[in-house]
Amino acid sequence: MNEKLIISSIIEALNKNGAFDQDDLFKNMQRLYGDLDRRTFNELVMELEIQGLVKVYSMAKDKRRIELGRL
């Protein structure tokens, strides 16, 4: 599994749609990359958040909204 390709796809999806619910974005990425698991997805999103490329907001228990940060 190419993590750089998944990261590019996450940024592209957020750029196109603005924001996603975490579960919706995960399902979208899982359709593209069938072998993507939740743990890897969360690690990649966290990496993007640390770099400032995405912003993650808690909405409710176990619900997060992911938005594109600054590029």
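In my numbering, the protein residues as written are 2 to 72. All C-beta atoms in this analysis are idealised placements derived from N, C-alpha and C, irrespective of residue type, glycine included.
Exercise for the section: Find the nearest neighbour of Glu-50 within the set Glu-68, Asp-36, Leu-33, Ala-61, judged by alpha-carbon distance. Expected result: Glu-68
Exercise for the section: May I ask you to report which of helix, strand or coil DSSP gives Asp-24? Expected result: helix
Practice task
Please report the Cβ distance between Val-55 and Gly-70, rounded to the nearest whole angstrom; I am assuming they are in contact, meaning their Cβ atoms lie under 8 Å.
Solution key: 5 Å
Exercise for the section: Note down, in chain order, each residue of its chain lying with its Cβ closer than 8 Å to the Cβ of Asn-29, except the 5 sequence neighbours on either side. Expected result: Ala-14, Phe-21
Handout entry: Selected residue, minimal CA-CA separation from Gln-23, among Leu-33, Lys-17, Ile-11
Key = Ile-11
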